[in-house]
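Student: Take a look at the following structure, please.
Numbering (this note's numbering), first residue to last: 295 to 634.
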């Protein structure tokens, strides 16, 4: 009787420890990082907590966040897209050209979102049809799209009308319009990722592509759709950044892919696929946005910001690999305890 009771107690304690470990796994450490960043930067700059500066952070991260939502789907499906910055630059210049030619703003925006979608779909088609590594395909597109933007659009800067400036600079109440658009897009991406077949298939393909094919999932078609969704996010972001800057230039989006991938991986989406988190992506973008804003306020050199961002990406990948090993070790230990 005593041995049975002892065994039952041990089982209960194991379950309790397991639930505690599971709870800890669900808490994103970036929440703690952001809190410490706020405390540290506030001590270094008395302007940081101003409501105007906080709204400025939201406006600045909105473009990154929208693109990062699409990147979350791409990376979760075990892909990558290095061409998002160049795609943004091309979409921005096309948008500016269309508006300068007299195209209504709403129609121009729809056309540019369509252009971004087509570019993303093209990436997906090349990757799936010719079975080329996504890193190589999108790296080639990064160079090709940037070159095409400069070749066809030249070095001119195109000014925007008031209607488009509202999308990038306007306020509804005291909240910037770009932040409202980005948060709405985040809610949609969350629903798409966690509550639809599209999101479930994305994670499943990233986890085990061969098993998905056996189950009848059209893997290649789905990958094309994922890259097309990424392109649509880029097209929407292009409209916001052009409105915010009140101009379109060929250099827009330069090195944006570094911000996007760093934020997505930092937020917890796994580079090896099969794991994704929209909330983590939001936190990752906020972390980088707060960090960059704080460095500007304290007068840090721009190139130092690039150095820090590069090391942040390396740290994010290293931490992610460590976290995966810890989780795998816990899972193995639980299986071993259950067998005993």
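All C-beta atoms in this analysis are idealised placements derived from N, C-alpha and C, irrespective of residue type, glycine included.
Return the CA-CA distance between residue 315 and residue 618, expressed in angstroms with no decimal places.
Tutor: Because residue 315 carries a pLDDT of 36, less than 50, the predicted location of this residue cannot be relied on, and no value is offered for it.
Student: Name the DSSP beta bridge partners of residue 470, please?
Tutor: DSSP, once it has assigned bridges, lists 465 as partnering residue 470.
Student: I'd like to know whether the C-beta atoms of residue 332 and residue 582 end up nearer to each other than 9 Å.
Tutor: No, these two residues do not count as a Cβ contact at 9 Å.
Student: Should residue 585 and residue 602 be called a contact, given that it needs their Cβ atoms to be closer than 9 Å?
Tutor: yes
Student: Quick check on the burial criterion: 16 or more other C-beta atoms within 10 angstroms. Buried or exposed for residue 400?
Tutor: exposed
Student: Let's see if you can read the secondary structure: which residues bound the alpha helix (DSSP H) around residue 445?
Tutor: 428–447
Student: To the nearest angstrom, how far is it from the Cα of residue 434 to the Cα of residue 369?
Tutor: 18 Å
Student: Please identify the residue among 587, 569, 545 whose C-alpha is closest to the C-alpha of residue 382.
Tutor: If we check each option's Cα against that of residue 382, 545 comes out closest.
Student: Assuming residue 535 is part of the alpha helix (DSSP H), what are its boundary residues?
Tutor: 513–539
Student: What are the uninterrupted segments assigned as alpha helix (DSSP H) that are 4 or more residues long and contained completely in the stretch 357–420, given in chain order?
Tutor: 378–394
Student: Which residues mark the beginning and the end of the alpha helix (DSSP H) in which residue 589 is found?
Tutor: Run containing residue 589: 572–591, per the alpha helix (DSSP H) assignment.
Student: Return the Cβ separation of residue 349 and residue 446 in integer angstroms, given the expectation that the two are a contact with Cβ distance under 8 Å.
Tutor: In fact, because the Cβ distance is near 36 Å, the residues do not count as touching under 8 Å.
Student: Would you say the stretch 443–462 touches the stretch 554–573, given that touching needs at least three Cβ pairs under 8 Å?
Tutor: no
Student: Residue 463 to residue 491, Cα distance in whole Å?
Tutor: Cα to Cα, residue 463 sits roughly 36 Å from residue 491.
Student: Whose C-beta lies closer than 7 Å to the C-beta of residue 351 among residues of the same chain, with five residues either side of it excluded?
Tutor: 583, 584, 587
Student: Okay, do the stretch 570–580 and the stretch 333–343 touch, 3+ Cβ pairs below 8 Å being the bar?
Tutor: no
Student: Could you tell me which of 441, 505, 504, 532 sits nearest to residue 476, measuring between CA atoms?
Tutor: By alpha-carbon distance to residue 476, the top candidate from 441, 505, 504, 532 is 532.
Student: Is it true that the CB of residue 371 sits closer than 9 Å to the CB of residue 496?
Tutor: yes
Student: Can you look up residue 277 in the DSSP assignment and give me helix, strand or coil?
Tutor: A query on residue 277 cannot be resolved here, the shown segment of the chain reaching from 295 to 634 and no further.
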